[in-house]
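Per the numbering used here, residue 113 is the first one in the sequence shown, and the count goes up by one each step. Here the structure is laid out as structure tokens; the discussion comes afterwards.
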Amino acid sequence: MDSIDPQISCAIFVINPAAGIDQATIDLWRSIDEYQTPRIVVVSQLENQVADFDDAVMLANRVFDHVATPYLVLHDDAGIPCALISLETMRVSDYTTLPPIESACEPEHETLVQEFRDEYLELSTSMGDGAFAAGLLFPAIPLWIHKGIGVDIVKEYLNQIKD
């Protein structure tokens with residue numbers, strides 16, 4: 113592996129949940145630990161339904177540092193990812209239209225995600241504001257570029273380190 117440039121602003125690791133994470137990717141993650149480089153884990157191939165976002169997060173937590181899940185995937189009646197729910201705000205971004213439509217979370221979704229929300233809020237609170245930009249908090253973001261799912265969220269995180 114070539115040496116890592118300590119001046120890099122951010123590293124984005126793309127994970128296909130069906131394919132897993134190879135040793136070279138794990139080694140790359142570990143090689144930038146000492147620089148406290150901000151890192152985003154994006155989970156792709158959401159449309160394949162062989163494995164899902166939750167599978168990828170569990171795998172990333174085993175082989176990388178603990179990753180945070182600020183958003184969870186919501187599926188339509190056919191089981192296809194169509195929206196993301198923010199665990200911080202409990203708002204739903206519906207990507208069946210572009211731009212996505214944001215709305216309040218339905219009560220049954222609140223109940224289903226409450227445990228995940230509590231875990232995320234505890235982690236983000238303990239890390240403090242600016243933890244991502246400081247290279248301390250590693251968000252895992254569901255991403256389906258064709259449908260726009262998660263693209264806006266990745267951009268928001270990248271904007272945190274622009275300065």
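Backbone N, C-alpha and C define an ideal beta-carbon position, used for all residues, glycine too. These figures come from a predicted structure and were not determined experimentally.
Under the three-state DSSP convention, the category residue i falls into
i    : result
D206 : strand
F176 : coil
E200 : coil
I152 : strand
L255 : coil
I273 : coil
I265 : helix
A168 : helix
First through last residue of the beta strand (DSSP E) which encompasses residue i
i    : result
L248 : No beta strand (DSSP E) holds L248; DSSP gives it neither H nor E.
A216 : I213 to A216
I124 : A123 to I127
L186 : Y183 to H187
N- and C-terminal bounds of the alpha helix (DSSP H) containing residue i
i    : result
E220 : P219 to M239
A136 : Q135 to S143
Residue burial classification, residue i (beta-carbon count within 10 angstroms, cutoff 16)
i    : result
A78  : Since the first residue of the chain shown is 113 and the last is 275, residue 78 is not available in this structure.
P211 : exposed
S205 : buried
L199 : buried
Q157 : buried
D164 : buried
G262 : buried
Supposed close pair residue i, residue j - CB separation, criterion 8 Å
i    : j    : result
C194 : Y207 : 6 Å
- Would you check if there are 3 or more beta carbon pairs closer than 8 Å linking the region 146 to 153 to the region 122 to 129? yes
- Message: I want to know whether the region 137 to 147 touches the region 184 to 199 - three or more CB-CB distances under 8 Å.
- Response: no
- Do the region 216 to 233 and the region 252 to 266 make contact, defined as three or more Cβ pairs closer than 8 Å? no
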